[in-house]
Amino acid sequence: MVVVQALHMNGGTGETSYAKNSVVQNKIMSIGKPMIEEAILKLYSTTNNSPESFAIADLGCSSGPNTLLLVSHVMDIVCRRCCQLDCAPPEFRVFLNDLPWNDYNTLFRSLPAFYNTLKEDKGSGLLGSSCFIAGMPGSFYGRLFPRKSLHFVHSSSSLHWLSQVPPGLDSKSTPPLNKGKLFISKTSPPSVLSSYALQFQEDFTSFLSSRSEEMVPGGRMVLSFMGRRSADPTTEENCHQWELLAQALHTMVIEGHVEEEKLDRFNAPYYSPSPEEVKSAVQREGSFMIDRIEILEVEWDGGSNNHVVSNGTSDNLTGAQRVVKTVRAVVESMLASHFGEEIMDELFSRYGNIVSDYMSRKRAKYDNMIVSMTRKSY
Ligand SMILES: C[S@@+](CC[C@H](N)C(=O)[O-])C[C@H]1O[C@@H](n2cnc3c(N)ncnc32)[C@H](O)[C@@H]1O
39 MVVVQALHMN GGTGETSYAK NSVVQNKIMS IGKPMIEEAI LKLYSTTNNS
89 PESFAIADLG CSSGPNTLLL VSHVMDIVCR RCCQLDCAPP EFRVFLNDLP
139 WNDYNTLFRS LPAFYNTLKE DKGSGLLGSS CFIAGMPGSF YGRLFPRKSL
189 HFVHSSSSLH WLSQVPPGLD SKSTPPLNKG KLFISKTSPP SVLSSYALQF
239 QEDFTSFLSS RSEEMVPGGR MVLSFMGRRS ADPTTEENCH QWELLAQALH
289 TMVIEGHVEE EKLDRFNAPY YSPSPEEVKS AVQREGSFMI DRIEILEVEW
339 DGGSNNHVVS NGTSDNLTGA QRVVKTVRAV VESMLASHFG EEIMDELFSR
389 YGNIVSDYMS RKRAKYDNMI VSMTRKSY
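To get the numbering used here, take the position in the sequence shown, counting from 1, and add 38.
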């Protein structure tokens, strides 16, 4: 699978779009807000800077209501701080990054309204400052920006996507190693677990060394992504959503709608690391210091009974329906490129029944990791 092409959130603003189905990721961003505030305030107090031009990058920004939340949050914190310090707010250079197949058209079309809101928001202290937003398509596992050009880097709900399926699992010339599964499961052989762990280490190290070139000394980075508390990657919190999706596909294999070989050959380019795995990559790469690392629980459906959608009304969905729509908006492009577009409605309908049954018996939750780091100044 070529991840750069196959992985993109559902574009546009329709019923199955990421824009309409990203309330859970919005919740995850809200949980990360205090850590972002702490990082920016430290950046302003420790460096001799109120830079004239403050550069922010949001990596894996997608498109939809979440995309510009980070920008307004950071601008708000910086401007309040400048007000306290009695200095003029900086200009903001904002870089929104995602893979090239991301729906940048919808994103760019939302910018005029965003700029208008900034102008109208007279109470925020933003008057006099300017914001310049640009898109930066490409993989965050390589260099994206010039050297020492960024003050603050953020990424939310994105770094659990690997750059590729671990090579040992993606080879057509060897028998499938992870039969009947889409990701690590209780029955996966140890070689599957170690291939995933190795791919994460390689990818996360490339991520860190690219950012280490791009950030100013003392710059801060807050990253939030799916993680796990346990050293064991086969726990239910870590893999059960993939397990249930595999069950839905398995019913379609039994009824002849999907070839067994296709199911056996799909492995998700995904990994949710433990804090030890993250710490060990950071230590080995050497350019960053971890200020804080936390794991927080997030319910599969985002946690509240009714979700308010953009026009202020409730979405009136059951928890399971919301889970299915959230998962579909994220993984449909990848599954469609492997299994075919034509089975998607049926697959997600079956998945819905399985998720509904599971959620009637269990409290379904993920573990989300948030890490705050500083670029060392040596
Ligand atoms: C679930 S969305 C998160 C969007 C947004 N940050 C939010 O919190 O709502 C994950 C995004 O990460 C992007 N992504 C995954 N791998 C990436 C990579 N290697 N480089 C850049 N973006 C990537 C995907 O294309 C997707 O848009």
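Ideal Cβ positions, reconstructed from N, Cα and C, are used throughout, including at glycine.
Problem - beta-carbon Gln63 near ligand 1 non-hydrogen atom, thresh 7 Å - result: Because some heavy atom of ligand 1 lies under 7 Å away, the Cβ of Gln63 counts as near it: yes.
Exercise for the section: Would you check if there are 3 or more beta carbon pairs closer than 8 Å linking the stretch 205 to 218 to the stretch 180 to 189? Expected result: With the cut-off at 8 Å, the stretch 205 to 218 and the stretch 180 to 189 do not touch.
Problem - Cα-Cα separation, Val393 to Ser226 - result: Going by C-alpha positions, Val393 is about 22 Å away from Ser226.
Practice task
Return the CA-CA distance between Gly102 and Asp339, expressed in angstroms with no decimal places.
Solution key: When rounded, the separation of the alpha-carbon atoms in Gly102 and Asp339 is 18 Å.
Practice task
On a CA-only basis, which of Met372, Tyr153, Leu97 and Ser68 is nearest Leu246? Give me that one, please.
Solution key: Comparing alpha-carbon positions, the option among Met372, Tyr153, Leu97 and Ser68 lying closest to Leu246 turns out to be Leu97.
Handout entry: Rounded C-alpha distance that separates Thr54 from Glu337
Key = Rounded to the nearest angstrom, the two C-alpha atoms are 20 Å apart.
Exercise for the section: Measure the CB-CB distance between Ile381 and Met264 and report whether it falls below 8 Å. Expected result: Contact flag unset, no.
Handout entry: DSSP beta-bridge partners of Phe326
Key = For Phe326, which the question treats as bridged, DSSP gives the partners Arg413.
Exercise for the section: Could you work out which residue in Cys277, Lys300 and His278 is closest to His288 when comparing CA atoms only? Expected result: Of the candidates Cys277, Lys300 and His278, the one whose C-alpha sits nearest the C-alpha of His288 is Lys300.
Exercise for the section: Look at Gly49 and Thr155 and say whether their C-beta atoms are less than 8 Å apart. Expected result: Taking 8 Å as the cut-off, the beta carbon of Gly49 is found no closer than this to the beta carbon of Thr155.
Practice task
Taking 8 Å as the cut-off, decide whether the C-beta atoms of Met73 and Leu134 are in contact.
Solution key: No.
Handout entry: Where Gln43 sits in the DSSP three-state scheme
Key = Helix at Gln43.
Exercise for the section: Verify the contact flag: Phe178, CB atom, against every heavy atom of ligand 1, threshold strictly below 7 Å. Expected result: At least one heavy atom of ligand 1 lies less than 7 Å from the C-beta of Phe178.
Problem - Separation of Asp136 from Gly176, as counted between CA atoms - result: Each residue's Cα considered, the two are about 6 Å apart.
Practice task
Starting from the N-terminal side, write out each stretch of the alpha helix (DSSP H) that is 4 residues or longer and does not extend beyond the stretch 45 to 91.
Solution key: List check, alpha helix (DSSP H) in window: 61 to 84.
Exercise for the section: Give, in chain order, every unbroken run of the alpha helix (DSSP H) that is at least 4 residues long and sits entirely within the stretch 101 to 140. Expected result: As far as the stretch 101 to 140 is concerned, its whole alpha helix (DSSP H) runs of at least 4 residues are 107 to 123.
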